[in-house]
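Working notes, structure below.
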Amino acid sequence: MSSEADSEAEESPENEENEETAGDVGTASSGGATPIGVKLGSTRTVIALPSEHGSGLRTIQTLTCLAEYEDPLTGETKYLYGEEAATEYPDKVQYMLRSGLPEDEDRAELTKQFFNSVIESHDIPEDSVVVYAVPTINNPAGIENLREVIEQSAIGNQLIESYPESLCGAIPAVGNELEAVEEIFVALNLGSTNLEASAYRRGEQLSPFRTGATTGNEVDRAIANYVEEETQGRVNIDTNTAREYKEQHADFVDFEPFTDIIQQPGGGRHEFTIEWSVMEAVDEYLDEVVDEFANTFLSQLASDHMKVYQLALDQPVVLTGGMACIPGVVEEFEERASEELGREIDAIAPDRADLSATIGAQRIAARLASNL
18 MSSEADSEAE ESPENEENEE TAGDVGTASS GGATPIGVKL GSTRTVIALP SEHGSGLRTI
78 QTLTCLAEYE DPLTGETKYL YGEEAATEYP DKVQYMLRSG LPEDEDRAEL TKQFFNSVIE
138 SHDIPEDSVV VYAVPTINNP AGIENLREVI EQSAIGNQLI ESYPESLCGA IPAVGNELEA
198 VEEIFVALNL GSTNLEASAY RRGEQLSPFR TGATTGNEVD RAIANYVEEE TQGRVNIDTN
258 TAREYKEQHA DFVDFEPFTD IIQQPGGGRH EFTIEWSVME AVDEYLDEVV DEFANTFLSQ
318 LASDHMKVYQ LALDQPVVLT GGMACIPGVV EEFEERASEE LGREIDAIAP DRADLSATIG
378 AQRIAARLAS NL
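Its first residue numbered 18, the sequence shown is counted upward by one per residue in this note's numbering.
Set out below in structure tokens:
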């Protein structure tokens with residue numbers, strides 16, 4: 018049995034556009050180049066650029082996936098991307114960046130097709146300065162493939178640069194402009210594919226750490242397993258539905274049990290209530306995050322850069338990435354990390370942690386554009 022969840026996520030990822038007030042968004046250089054921030058994420062891709070009104074940011078968000086199909090009249094190969102592709106072609110849709118980067122030539126080509134489709138459908142300016150966020154992954158070939166995807170696209174004909182994703186994500190949390198580039202702090206990127214941690218010393222990345230064992234995707238799988246357990250095997254959901262449950266209902270402050278309905282084989286509908294599956298999974302995840310942060314990353318940082326370690330822990334730890342959107346996660350992290358380390362730990366997160374890497378990248382692009 019599979020869920021027929023009322024699966025409106027907290028936002029509609031497909032072709033979503035928002036305008037948000039943001040510090041130092043910039044509009045263009047004296048030559049007219051538009052500053053654009055880009056994050057090609059394993060689950061979602063976000064692009065940010067100045068709004069047409071010039072008073073905030075236009076943000077575009079879509080699922081990072083692509084489906085190929087054939088026009089029945091002409092035989093021409095066509096493509097759909099984002100939520101439309103995932104909904105209409107669940108048997109064909111490809112998520113090109115499940116590991117965080119385009120791993121090989123085939124995935125790189127699919128990613129190029131995806132990115133160009135997004136650019137074309139949203140009329141992203143070619144005359145632009147582009148800064149894109151790069152995950153902390155020791156994969157030179159994948160990083161090179163990502164660079165080619167951006168550089169061979171239609172945008173960024175004035176300048177293209179890359180910066181670490183966790184630095185970009187920390188920028189909106191630390192200040193209204195680019196204050197983070199002048200600070201010493203630690204950032205944790207709570208992503209779908211990887212947990213990343215780095216220290217930053219005035220923009221320099223130190224002791225980068227990543228693990229693929231503690232991730233948002235693992236939480237989705239855990240939720241699916243727990244739902245089956247909680248319903249005594251009567252309900253099986255896929256990981257996409259589990260992700261929707263997480264995004265809609267996970268809450269460390271005011272979680273409330275929720276009800277869903279499945280269509281049973283042979284007809285009939287079965288209503289069920291989820292009381293603990295979602296929060297059990299995210300609670301275990303946060304314990305693992307704190308353990309990796311306190312006992313692996315900080316130990317590495319102290320060994321490599323003791324003075325930076327001491328200075329950084331006097332500042333709030335910055336939490337970014339999609340899992341940092343869960344209500345109450347900042348306070349829970351502070352409490353658990355403080356207990357684990359035996360000292361007071363403060364933490365902060367940007368208002369939209371799922372968009373923060375792109376917004377930070379756009380602010381850097383604005384600064385670079387102003388210097389052209």
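The beta carbon of each residue, even a glycine, is placed where N, CA and C say it ideally should be.
* To do: Can you tell me which of Gly-338, Val-346, Glu-348 and Gly-359 puts its alpha carbon nearest to the alpha carbon of Pro-189?
  => Gly-338
* Are Gln-332 and Leu-74 close, meaning C-beta to C-beta below 9 angstroms? -> No, these two residues do not count as a Cβ contact at 9 angstroms.
* Asked: At what residues does the beta strand (DSSP E) containing Gln-277 begin and finish?
  -> The question names Gln, but residue 277 in the sequence shown is Asp. First-last of the beta strand (DSSP E) with Asp-277: 275-280.
* To do: Just mark Lys-263 as buried or exposed, buried being the case when its beta carbon has 16 or more other beta carbons within 10 Å.
  => Only buried fits Lys-263, as 16 or more other CB atoms lie within 10 angstroms of its CB.
* Out of Ala-103, Ile-291, Glu-309 and Leu-205, which has the shortest C-alpha to C-alpha gap to Ala-241? -> The option with the nearest alpha carbon to Ala-241 is Ile-291.
* Asked: What separation, rounded to the nearest whole angstrom, lies between the Cα atoms of Ala-45 and Ala-370?
  -> At Ala-45, the pLDDT of 47 sits below 50, so the modelled position is not reliable and the matter cannot be decided from this model.
* Skipping 5 residues on each side, what residues in its chain have a beta carbon closer than 6 angstroms to that of Glu-357? -> Val-307 and Ala-311
* When DSSP labels each residue in this structure, what does Glu-178 get in the three-state scheme? -> For Glu-178, the secondary structure class from DSSP, reduced to helix, strand or coil, is strand.
* Return the residue from the list Ala-187, Val-244 and Tyr-243 that minimises the CA-CA distance to Ala-216. => Ala-187
* Asked: Got a sec: does the ligand HEM put a non-hydrogen atom nearer than 8 angstroms to the Cβ of Tyr-326?
  -> Among the components of this structure there are no ligands whatsoever, and the ligand HEM is therefore not found.
* Cross-strand partners of Pro-52 (DSSP beta bridge) -> Val-146
* To do: In angstroms with no decimal places, state the Cα-to-Cα distance between Asp-300 and Gly-49.
  => 48 angstroms
* Coil, strand or helix - Glu-351 by DSSP -> helix
* Asked: Under 9 angstroms, do Ser-116 and Ile-160 count as touching if we go by C-beta distance?
  -> no
* Would you report the Cα separation of Phe-350 and Gly-92, rounded to the nearest angstrom? -> When rounded, the distance between both Cα atoms is 54 angstroms.
* Asked: What does a CB cutoff of less than 8 angstroms around Phe-132 pick up in its chain, not counting 5 residues either side in sequence?
  -> Leu-57, Thr-62, Val-166, Ile-167 and Ser-170
* **Pro-403, enclosing alpha helix (DSSP H) - first and last residue** => With the chain covering 18 to 389 only, the question about residue 403 has no answer from this structure.
* So, helix, strand or coil for Ala-364, using DSSP? -> strand
* Less than 9 angstroms separating the beta-carbons of Leu-97 and Ala-204? -> no
* Alpha carbon to alpha carbon, what distance is there between Leu-385 and Asp-304? -> 39 angstroms
* Please name the residue or residues paired with Pro-60 in a DSSP beta bridge. => First, the residue type needs correcting, since residue 60 is Thr and not Pro in the sequence shown. Secondary-structure assignment with DSSP links Thr-60 through no beta bridge to anything.
* What does Phe-202 pair with, by DSSP beta-bridge criteria? -> Tyr-217
* Report yes if the C-beta distance between Leu-163 and Val-151 is below 9 angstroms; otherwise report no. => yes
* To do: Assign Arg-369 to one of three DSSP states: helix, strand, or coil.
  => coil
* Where does Leu-184 sit, in a helix, a strand or coil, going by DSSP? -> helix
* Asked: Does DSSP classify Ala-65 as helix, strand or coil?
  -> strand
* Asked: From Glu-196 to Leu-212, what does the alpha carbon distance come to, in whole angstroms?
  -> 24 angstroms
* Asked: Taking three-plus beta-carbon pairs below 8 angstroms as touching, is the segment 216-227 in contact with the segment 308-327?
  -> yes
* **Beta-ladder partner(s) of Leu-97, from DSSP** => Ala-84
* **Neighbourhood of Pro-274 by C-beta, 7 angstroms cutoff - its chain only, sequence neighbours within 5 removed** => Residues Thr-290, Ile-291 and Glu-292 of the same chain have their beta carbon placed closer than 7 angstroms to that of Pro-274, with the five preceding and five following residues left out of the count.
* Can you list, in chain order, the residues of its chain whose CB lies under 7 angstroms from that of Glu-120, leaving out five sequence neighbours each side? -> Gly-159
* Residues of its chain near Ala-259, where Cβ-Cβ distance is below 6 angstroms and the 5 sequence neighbours each way are ignored -> Asp-237, Ile-240 and Ala-241
* Could you tell me which of Gly-284, Ala-103 and Leu-66 sits nearest to Leu-80, measuring between CA atoms? => Ala-103
* To do: Express the C-alpha separation of Asp-277 and Val-381 in angstroms, rounding to a whole number.
  => Going by the sequence as given, residue 381 is Ile instead of Val. Computed Cα separation, rounded: 43 angstroms.
* Ser-47 to Val-244 span [Cα, whole Å] -> Since pLDDT at Ser-47 reaches only 42, below the 50 mark, its modelled position is unreliable, and the value read off the structure follows with that caveat. Distance between the alpha carbons of Ser-47 and Val-244: 56 angstroms.
* **Ala-125 versus Met-113: straight-line alpha-carbon distance, rounded** => 8 angstroms
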